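Just below is one structure, and these are the notes that go with it.
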Amino acid sequence: MNTVDEEPWEEDDCPDKDSGLESLNGSSEEEDELTHRIVAQVEFYFSDENILRDSFLLKHVRRNREGYVSLKLMASFRKVKSLTKNWELVREALRTASTRLEVNAEGTKVRRREPLPEHDETAPSRTVVAFPLVDRVTVEAVAEMFSRCGPISLLRLLRPGGPVPPCAKRFLQRHPEASGCSAAVVEFENHEAASLAVRQASPLLRVLPLAVSAPHGDAGDGRAKHARRAPGAATCSPPQLAPRHKCHSQGDVSASGLWVKKRSDCVGPVLRQPRGPDGTRGFHDRACLAPS
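To convert, take the position in the sequence shown, counting from 1, and add 6; that gives my numbering.
Encoded structure:
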């Protein structure tokens, strides 16, 4: 499971000057632990679960033809900066310990070893938002609570006044009450786990789906109802054409019989007059055409 602690990534200014290599003044175990945490955090930013949802980082990845991103930029991300303010230490950690990322020959940029994943359109339907949470809640506590519903793919904590990931902005517009408290965005690996989390919500903790789907019986926007039926249109028989006016006849009448009946009802009686030998419309019309 991938997580984002208290505050998600944000766009910070890149440091203009380097502070030199840091000295931990500690044991090799502490150095290894710091290296591991740096690698884990940067690998998360480039992971399949995060990269397509981080529009800022994705923009920089696509800007470079080979997918490289500045190491100074990555070192300026808040969670990396909380570990070290030295971008060169980040470079050395990724060079020596990362199996998913690679640093360029100049030692100034980093990229994924694998191509970018395809966009996953099912993620919103597998995601729930839980609120309100206590102010000092931890990622571990939220993960432990929701892991009972099923495997978690991604978990983010949102703080009041903090940055909001793009996937949650529309939800907060629908539920502004969630903006004033701590909340968790939990993406499960399957839809069943997300549905179970919603059903098991308590009165003190609201758990709502990230994506809203209107019920099939909703009489709201007809265009939305048509869009929901569209995927199954290929399996349904085309609608039968019905006459504009109702037929009040009784008994079993075929379609052709209905058509003939309507035509006969619409046509009035026609009075046919005799024609003369020369093809005119009768003697009365003939008299009208004769000179006086």
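C-beta: ideal position from N, C-alpha, C; glycine also. Being a predicted model, the structure only gives us computed values, none of them experimental.
Original post:
By DSSP, does E49 sit in helix, in strand, or in coil?
Top reply: helix
Subject >> Backbone CA spacing between D126 and M151 [nearest angstrom] >> reply: 25 Å
**OP:** Kindly confirm or deny that the stretch 153-168 and the stretch 186-202 touch, where touching means at least three C-beta pairs closer than 8 Å.
**Re:** yes
Original post:
Should the stretch 97-107 be called in touch with the stretch 175-187, which here means at least 3 C-beta pairs below 8 Å?
Top reply: no
Subject >> A81 versus R68 - alpha carbon distance >> reply: 19 Å
**OP:** May I ask which residues mark the beginning and end of the alpha helix (DSSP H) holding V140?
**Re:** Where V140 is concerned, there is no enclosing alpha helix (DSSP H), given that its DSSP letter is neither H nor E.
Original post:
Thinking just about the alpha-carbon of each residue, which of F83, V96, R118 is nearest to the one in D38?
Top reply: V96
Subject >> Any non-hydrogen atom of the ligand FAD within 7 Å of T144 CB >> reply: Annotation note on the ligand FAD: not contained in the displayed structure, which lists no ligands.
Original post:
When the Cα of C173 is compared with those of P166, D60, A99, which residue comes out closest?
Top reply: D60
Original post:
Starting from L161 and walking both ways along the beta strand (DSSP E), at which residues does that stretch end?
Top reply: 158-164
**OP:** For my contact list, L139 and A200 are in at a C-beta cut-off of 8 Å; report their separation, rounded to the angstrom.
**Re:** Rounded, the Cβ-Cβ distance is 18 Å, inconsistent with contact.
**OP:** Check the DSSP bridge columns for L214 and list the partner residues they point to.
**Re:** V135
Subject >> Whole-Å CB distance - V148 paired with L163, under 8 Å assumed >> reply: 7 Å
Original post:
Under a Cβ-count criterion, where at least 16 other Cβ atoms within 10 Å of its own Cβ denotes burial, should L100 be classed as buried or exposed?
Top reply: buried
Subject >> Integer Cβ distance of A203 from V218, believed to fall under 8 Å >> reply: Actually they do not touch by this definition, with Cβ atoms about 16 Å apart.
**OP:** Would you mind sorting E112 into buried or exposed? The rule is 16 or more other CB atoms within 10 Å of its CB.
**Re:** exposed
Subject >> Sub-8 Å separation of P209 and S188 beta-carbons >> reply: no
**OP:** Note down the Cα distance separating S185 from S34, rounded to an integer number of angstroms.
**Re:** 43 Å
Subject >> P121 versus L89, Q206, S53, residue with shortest Cα-Cα distance >> reply: S53
Subject >> Exposed unless 16 or more other CB atoms sit within 10 angstroms - verdict on L216 >> reply: buried
Original post:
If you check the beta carbons only, do L89 and Q47 fall under 8 Å apart?
Top reply: yes
Subject >> Separation of R205 from P116, as counted between CA atoms >> reply: Note that residue 116 is Val in the sequence shown here, rather than Pro. Cα to Cα, the separation comes out at about 43 Å.
Original post:
Just reading off the beta strand (DSSP E) that V116 is part of, what are its end residues?
Top reply: 115-118
Original post:
According to DSSP, what are the bridge partners of V365?
Top reply: No statement about residue 365 is possible, as the shown extent of the chain runs from 7 to 298 and does not include it.
Subject >> Where the beta strand (DSSP E) through V191 begins and ends >> reply: 188-194
**OP:** Return the first residue and the last residue of the alpha helix (DSSP H) that Q179 is part of.
**Re:** 172-180
Subject >> Residues sharing a beta bridge with S76, DSSP >> reply: K115
**OP:** Could you tell me if G228 is buried or exposed, where buried requires 16 or more neighbouring beta carbons within 10 angstroms of its beta carbon?
**Re:** With a pLDDT of only 40 at G228, under 50, the local geometry of the prediction cannot be trusted, and the value read off the model is given with reservation. Counting Cβ neighbours within 10 Å, G228 comes out exposed, since fewer than 16 surround it.
Subject >> For F62 and K87, the rounded distance between their alpha carbons >> reply: 17 Å
Original post:
Mind checking G168: buried by the 16 CB within 10 Å criterion, or exposed?
Top reply: exposed
**OP:** Tell me whether S208 sits in a helix, a strand or coil according to DSSP, three-state version.
**Re:** strand
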